[in-house]
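All remarks here apply to the structure that follows.
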Amino acid sequence: MKKTFNIFFTLLFLITNFVVAQDEQELPYGRFSTDSIMLGEEIKYTLRYEHNADDEVLFVDSTYNFTPFELLNKEFFPTRSVNNVSIDCVIYTLATYEIDSVYELGLPVLIAENGTTDSLFAHLDGVFFKDLIQVLPDTAKVIADVNYVEVQREFNYPYLMIFIGIIFAIALIVVFGFGGKIREHWRKKKVQKAYDTFISSYKSYLGKELSSSETEDAVALWKGYLAAATNLEIQALTSKEIGKVLVSKKLEEQLKLLDRVIYSGSGAEEAKPVLKKLQNIANKGFAYALANEKDKTFILLEDDFEKESHHEDVVFAVTEVSQNGTTDSSSLSGNVSQEIKTLPADIKQKVENTKSSKEIYPLLKTSDWVGKDFSIFKNFPISSKAPLPLIAFGYDLGEQFMFYTKDDLKKEKVSEDAIYKQAMANLKEIKVPFESGPGFYTASGNDFSAEKILDTDFLLEAQKKMGAYKIIVAIPRRTVMYLTDANSTEEQLKLFQKLVHTTYLDDSYGNAPITNLLFTFEGAECKEVNVVAP
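All letters in the sequence shown, in the order written, are residues 0 to 533 by numbering that gives the first Met the number 0.
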């Protein structure tokens, strides 16, 4: 009996093991690549399944919950089939960020059959958590250490960026809110410093007996300061030219008195009173610079030269300009409040009559003409580059020439082209006679002789009278025009150049300079421009 029981128990054990082994073979195989893992460390999990070749098998993807792991990547391998048995395999790359002593995972395989899906889970496989810091035993003792350990400080860049941002915001507020006032304050300080430097040096000349060379130095100092303060380039001008620019005959006379002291060496006692009056003009220049009225040109009125002036006195030019190119007639004078002085009645009536008759003419000016800031003008037909002259426009009042300003253009609502056409038409009506000279012709003496270079009919007529198709034309000064045959001998051309150069430098007649260029015309077209050789 006992023997029979042993045989029965042995058979039951074998049958049970066979069934279990058969079940394990049908389940997927899932295993980790290692037995331990650190926090955040990657680990491979292999899931393999053997099945009939006819079965449709699916492996889980990123939609599956891999807790306590997170799926990082998966790698599929092609199905292999042998004797109607297929093997599929996937390797999952996982990581965990949960702290536990053991992590277990058993992933399923999905089998689709007859419209349903069955899940077969692999047996659980586990890995141990690997500690980086060992747990101290309860018997461990803490030892106090009070030694100083220096720790390297790191620069706080976020605080730096915040600080820079605050400074930048404050700078923007200051610039947009107070920038104009700040710039104006520094500009005035600069003007004041320039005046203080000038007056300190200038008064040193007034406090002693002057020699001719010291008088010359004082005048040069005065010219330099007034030119910088008023933006009028008077340093290189003669006494007569300065008088015209500042519209003062009395100033011209007094400057010529200083010229006599400088060049003759006599009359030094007369120099100091004149220099004191020049200081008054410098004071006006200082006030002009302080007011910063760049749209108005500085001038000196006749009555202002004789009276004492202070820093707050200033004179501003408006639009009226005399025939020689200097500003005249109406002005703003007194202090910075700009009280308006009206034109004399006879001049005012003449201006109105001239405007109504449309007697507007062109007037050639140098390329650096100061009046171009407020008057309308056109560039010379050839080019706009210096030293080619500019073409200004205005009304001929006889002894005076009133320029046509940008304000006039707005008030009368006309175009610059209309002004140009009217001026050119009026210029054509002016008759300028020719006179023959030794190897050259001249068409001088008329107020608009130089401007006739803009009249193509006049140039063609000149070529006809000279019997030359190619001519050279020079307009060194106002009211002057010289012409010569471009095919003249070399000696004649040199004499012609010398004539032009001498006229350009000669200020004895008071005509304003225009240009020292030679214009070569063939027919009505300008083919070449050259600077006259001295």
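For every residue, glycine included, the Cβ atom is placed at its ideal position computed from N, Cα and C. Just so you know, these numbers come straight off a predicted model, no measurement behind them.
Is it buried or exposed for residue i, if we count other Cβ within 10 angstroms and need 16 for buried?
i	result
V369	buried
S247	buried
D54	exposed
D144	exposed
E23	In this prediction, E23 has a pLDDT of 46, which is less than 50 and means its spatial position is unreliable; nothing more can be read from the coordinates.
V108	buried
Y96	exposed
K140	exposed
Y287	buried
D526	Per the sequence shown, the amino acid found at residue 526 is Lys instead of Asp. When all chains shown are included, K526 counts as exposed.
F439	buried
L516	buried
V101	exposed
T326	With a pLDDT of only 37 at T326, under 50, the local geometry of the prediction cannot be trusted, and no value is derived from it.
P27	buried
S238	buried
F518	buried
V413	exposed
I165	exposed
L104	buried
K420	exposed
A270	buried
P77	exposed
V499	buried
Quick check: residue i and residue j, are their CB atoms within less than 9 Å of each other?
i	j	result
A467	A485	yes
S366	T196	no
K276	F297	no
P437	R476	no
F400	S374	no
D87	F58	yes
D124	R47	no
Y201	L274	yes
P388	F402	no
V56	S85	yes
N445	T478	yes
F376	I359	no
I42	V148	no
V89	E112	no
E213	K207	yes
M480	S443	yes
N279	R186	no
L250	I261	no
F447	T441	no
K405	V431	no
L38	L131	yes
Y503	V528	no
K243	G509	yes
A217	Q234	no
Y63	L106	yes
A281	I198	yes
Based on the DSSP secondary-structure assignment, which residues constitute the bridge partners of residue i?
i	result
L378	The question names Leu, but residue 378 in the sequence shown is Asn. Looking at the DSSP assignment, N378 forms a beta bridge with L389.
G125	E103
D395	F400
E69	A94
A473	Y481 and L517
F457	Paired residues: none, contrary to the question.
D117	I110
P512	R476
D87	Y48
R30	T45
F439	G436
L363	I390
N82	Looking at the DSSP assignment, N82 forms no beta bridge with any residue, so it has no partner.
T528	Contrary to the premise, residue 528 reads as Val rather than Thr in this sequence. Answer is F518.
V190	The partner list for V190 (beta bridge, DSSP) is empty, contrary to what the question assumes.
L57	L109
E74	I90
S35	F127
At a threshold of 8 Å, does residue i count as lining the ligand HEM (C-beta to nearest heavy atom)?
i	result
N282	With respect to the ligand HEM, the structure offers nothing, as it holds no ligand at all.
Would you check if the stretch 402 to 416 and the stretch 459 to 475 touch, i.e. whether three or more CB-CB distances between them fall below 8 Å? Output reads no: the stretch 402 to 416 does not touch the stretch 459 to 475.
For the 8 Å Cβ check, are there 3 or more pairs between the stretch 220 to 232 and the stretch 165 to 179? Counting C-beta pairs with one atom in each stretch, the stretch 220 to 232 and the stretch 165 to 179 have fewer than three that are closer than 8 Å, which means they do not touch.
Is the stretch 449 to 459 close to the stretch 483 to 498, with three or more CB pairs under 8 Å? The count of Cβ pairs closer than 8 Å, one atom from the stretch 449 to 459 and one from the stretch 483 to 498, stays below three, leaving the stretches out of contact.
Using 8 Å as the Cβ pair cut-off and three pairs as the minimum, do the stretch 72 to 83 and the stretch 113 to 122 touch? The stretch 72 to 83 vs the stretch 113 to 122: no contact.
Three or more beta-carbon pairs under 8 Å between the stretch 88 to 103 and the stretch 61 to 70, yes or no? They touch, by the three-pair rule.
Across the stretch 160 to 170 and the stretch 190 to 210, are there enough close Cβ pairs to call them in contact, namely three or more that are closer than 8 Å? Taking one beta carbon from each stretch, the stretch 160 to 170 and the stretch 190 to 210 have fewer than 3 pairs nearer than 8 Å; the two do not touch.
Can you give, in chain order, each stretch of the alpha helix (DSSP H) that sits fully within the stretch 233 to 268 and has at least 4 residues? DSSP runs (the alpha helix (DSSP H)) wholly in the stretch 233 to 268: 238 to 244 and 248 to 263.
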